[in-house]
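S.K.: Numbers 109 to 181, taken from my numbering, label the letters of the sequence shown in order.
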Amino acid sequence: MEKYSNKGGDSGVYSYEIGNNYIKVIFFGNSKTYQYSYQGKAGQSHVDNMKSLARTGSGLNSYINSYVKFKYD
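1. Are the CB atoms of SER123 and ASN169 within a distance shorter than 7 Å?
2. Give every residue of the same chain whose Cβ lies closer than 7 Å to the Cβ of THR141, excluding the five residues on either side of it in the sequence, and list them in chain order.
3. If you measure from the beta carbon of ALA162 to each beta carbon in chain B, is any gap under 7 Å?
4. Reducing DSSP to helix, strand and coil, say where LYS159 ends up.
5. Contact defined as beta carbons within less than 8 Å: I believe GLN152 pairs with ASP181. What is the distance between those atoms, to the nearest angstrom?
6. Check the DSSP bridge columns for ILE172 and list the partner residues they point to.
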């Protein structure tokens, strides 16, 4: 897992892992790993957007809350 850079300073995302067809996310205060995948409910478009946001270190938590909150595998 890679620590999320959290450029805005107020993200709930602690760390993430990017794979070919998924992203895994861990939130502050929670040890559970949430996986969002191409084959799962989130789908490729959302997962690709999340990968991009994770790499830039900004907007991932907001995106998850707005579009895929309960679409983890």
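Don't be surprised by glycine CBs; every beta carbon is placed ideally from N, CA and C.
M.R.: Looking at the atomic coordinates:
1. What you label residue 169 is simply residue 61 of the sequence shown in a count that begins at 1. What you label residue 123 is simply residue 15 of the sequence shown in a count that begins at 1. No. Outside cutoff.
2. Here residue 141 refers to the residue found at position 33 of the sequence shown. Answer for THR141: LYS132 and ILE134, listed in chain order.
3. In the displayed structure, chain B is absent; only one protein chain is listed.
4. In the sequence shown, counting from the first residue as 1, residue 159 sits at position 51. Three-state result, LYS159: helix.
5. Start at 1 with the first residue of the sequence shown, and residue 152 comes out as number 44. Start at 1 with the first residue of the sequence shown, and residue 181 comes out as number 73. The Cβ separation is near 14 Å, so there is no contact.
6. To locate residue 172, count along the sequence shown from 1; it is residue 64. In the DSSP output, where bridge partners are listed per residue, ILE172 has none listed.
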